[in-house]
Structures are given as C-alpha cells and as structure tokens.
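In this note's numbering, the protein residues as written are 1 to 296.
Ideal Cβ positions, reconstructed from N, Cα and C, are used throughout, including at glycine.
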C-alpha cells in the first residue's frame, strides 16, 4: 500500500496537493516546486495535460517526484492514449514508483493550445479504472498475458461535491467505486455547510466506508479570480462572503491563503471526510504550503 492509502485506511486526515509539470526538458523546476510541500502533504498530484495544454509528461514528472522522495498521485487521462498505450504506461509508472492513480477523461483538445490535435478516448475513465484494477488484482493484461509482478495501484476518481437535494443518491460515485475507485478527489468546495451535508449524505449511504473522499479547496488570489471561478468552473461556488473578504483585504493573496487555512481547519472536523485536495491554479506551491502552515 502507498502512504496515502494507509492514511485513508487508518482514517487519518490526509492532505494532497496539485502541481502542474513545467514546459521543460529538465526536472529541476518541478523538484524545486515540490520541495515547498515536503513534509506538509501526503502526496502530490501531477496533472496530465490539464486544459489540453502541453507540459512535461505526467508519467515522467511522477517518476521524478518518486525519485526525489515524494509520493506522487499520477493523473491519467483517456484523451491521448489508446488502450495499448495506457496499459504500457501504467506498467511503466508502477515500475518507476507511481502507484497512486487519479483517472480522468481529459479536457477537450479543441479548447487547448493545439486545437487541431486529435482526441483518442479509446477507453473512458471507468474502463481505465477497471484496467488498473485488473492489472493489480488479476495480474493479467486484457489480452490474457500474465503480468509479473503485478502493480500495486491505489485507484482514484474525480467527483463533484454538491448540496444534495432530498432525493439525491450518489449513483455516479458508486459506479466509479464498482469500477475500482478507492479514493476520490473533488472539484473545489468553498462552502463548509455544503461540505458537511454532502459528506453526511455519502456517510449515510455507506460510501465513505468504501472510498476516501478528499474535498477540493485552494487559495484564491483575488476577488476577480473568485468571480471568474463562479462564472467559468462548472459546479463551483465561491460564496459572497469570501469574495467580500478578498475585495476588502489589503493583501488579497495573503487573505486567500488564510481563507484556505480556515477551510482546512473546518473540514478536519467533518465526520467521514478523509481529507482535502489543495489546488492553486496560476500560483506556486508555496501558496499551498503557506495555507497548510497557517492551518496548523
């Protein structure tokens, strides 16, 4: 098992953070950024062409992190690889020390930096999770060839936190669990009361005993950025109270980090919540480190 898996299994509050690999043929910048998070997070996510833009491969970046003494969460998208490439890359990732996986569909290439790129989507995210589970539990390729040794993956899926209506059931997440998901990292959730109700309903449905849920949070750099998130990120609501604090602060970036720290403190108290996943778009990892340190 990975350290992240152990922490979730032991019901200790876990913290993961996200890093975007550099547009570089050197690992120096990546490792320097990760150093800000050493000892503060349980694992570091490495994005896989987020926004359908080109960066260093998430597989290579995860291997660099593992070699540097960090625990990576390898983000794997379905957008760019067929099933042969996905299988080969998963085996290669495990061979280089990347065992935590976050399986995603991947953003539309038409909205990225090379819109003429052809999407693949040979498998969807559920089928990739099933593939990873098959490699681990059955030690065979889809072709039937044996895998030795088998990769010891800890499989993750994405989820969207909502304020659940009375008749809501977590069917989408349950289907991902049935495909092999063992933990989930969610989109941003800046509303503690919504988080409590969401996790409460998952707990009532028995989901939090099956999968570790890490709620997405992050430091926001300005009121303008918060409004942009409200307008452009599906399912994300930055409350008016947070926007007002950012707008009235003499140092909006520092206020954003303080707000993130307060969310960490509040989310620690939610029964059934496995932890938080901290994302800081357009910021350096020191913003995440500051928020964690402020949370104590």
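Take residue i as the anchor and find which of the options has the nearest alpha-carbon.
{"i": "residue 81", "options": "38, 72, 176 and 59", "result": "59"}
{"i": "residue 35", "options": "292, 285, 295 and 291", "result": "285"}
{"i": "residue 55", "options": "87, 7, 22 and 4", "result": "22"}
{"i": "residue 20", "options": "291, 278 and 293", "result": "278"}
{"i": "residue 50", "options": "107, 1, 12 and 101", "result": "107"}
{"i": "residue 91", "options": "113, 63 and 110", "result": "63"}
{"i": "residue 68", "options": "28, 102 and 117", "result": "28"}
{"i": "residue 287", "options": "270, 276 and 255", "result": "255"}
{"i": "residue 117", "options": "141, 93 and 52", "result": "52"}
{"i": "residue 258", "options": "74, 295 and 229", "result": "295"}
{"i": "residue 115", "options": "179, 87, 13 and 79", "result": "79"}
{"i": "residue 144", "options": "228, 123, 134 and 152", "result": "134"}
{"i": "residue 164", "options": "88, 202 and 157", "result": "202"}
{"i": "residue 121", "options": "289, 77 and 281", "result": "77"}
{"i": "residue 10", "options": "57, 239, 212 and 24", "result": "212"}
{"i": "residue 180", "options": "168, 146, 137 and 17", "result": "137"}
{"i": "residue 18", "options": "40, 5 and 274", "result": "40"}
{"i": "residue 280", "options": "292, 272, 178 and 123", "result": "292"}
{"i": "residue 152", "options": "239, 160 and 96", "result": "96"}
{"i": "residue 84", "options": "104, 105, 170 and 131", "result": "131"}
Would DSSP call residue i helix, strand or coil?
{"i": "residue 276", "result": "strand"}
{"i": "residue 128", "result": "helix"}
{"i": "residue 202", "result": "helix"}
{"i": "residue 212", "result": "strand"}
{"i": "residue 182", "result": "coil"}
{"i": "residue 100", "result": "strand"}
{"i": "residue 43", "result": "strand"}
{"i": "residue 217", "result": "strand"}
{"i": "residue 190", "result": "coil"}
{"i": "residue 240", "result": "helix"}
{"i": "residue 118", "result": "coil"}
{"i": "residue 222", "result": "coil"}
{"i": "residue 197", "result": "helix"}
{"i": "residue 57", "result": "coil"}
{"i": "residue 111", "result": "helix"}
{"i": "residue 285", "result": "helix"}
{"i": "residue 249", "result": "coil"}
{"i": "residue 229", "result": "helix"}
Would a C-beta distance cut-off of 8 Å place residue i and residue j closer than the cut-off?
{"i": "residue 148", "j": "residue 139", "result": "yes"}
{"i": "residue 162", "j": "residue 129", "result": "no"}
{"i": "residue 46", "j": "residue 31", "result": "no"}
{"i": "residue 217", "j": "residue 183", "result": "no"}
{"i": "residue 71", "j": "residue 3", "result": "yes"}
{"i": "residue 73", "j": "residue 37", "result": "no"}
{"i": "residue 270", "j": "residue 190", "result": "no"}
{"i": "residue 141", "j": "residue 185", "result": "no"}
{"i": "residue 100", "j": "residue 150", "result": "no"}
{"i": "residue 173", "j": "residue 123", "result": "no"}
Indicate, with yes or no, if the ligand ZN has a heavy atom lying under 7 Å from the CB of residue i.
{"i": "residue 288", "result": "Inclusion of the ligand ZN in the displayed structure is not the case, the ligand content being empty and no account of it being possible."}
Exercise for the section: Report the residue ranges of all beta strand (DSSP E) runs contained in full by the region 1-33; include only those spanning at least 3 residues, in chain order. Expected result: 14-19
Handout entry: Three-pair Cβ contact test at 8 Å for the region 208-225 versus the region 239-259
Key = yes
Handout entry: the region 195-213 contacting the region 225-237, beta-carbon criterion three pairs below 8 Å
Key = no
Exercise for the section: Kindly provide the ranges of any alpha helix (DSSP H) runs that are 4 or more residues long and lie completely inside the region 126-180, ordered along the chain. Expected result: 171-178
Handout entry: Stretch pair the region 254-271 + the region 189-197: three plus CB contacts closer than 8 Å
Key = yes
Practice task
Any chance you could list the beta strand (DSSP E) runs of at least 3 consecutive residues sitting entirely within the region 64-100, in chain order?
Solution key: 72-77
Problem - alpha helix (DSSP H) runs contained entirely in the region 252-276, provided each spans 4 or more residues - result: 252-267
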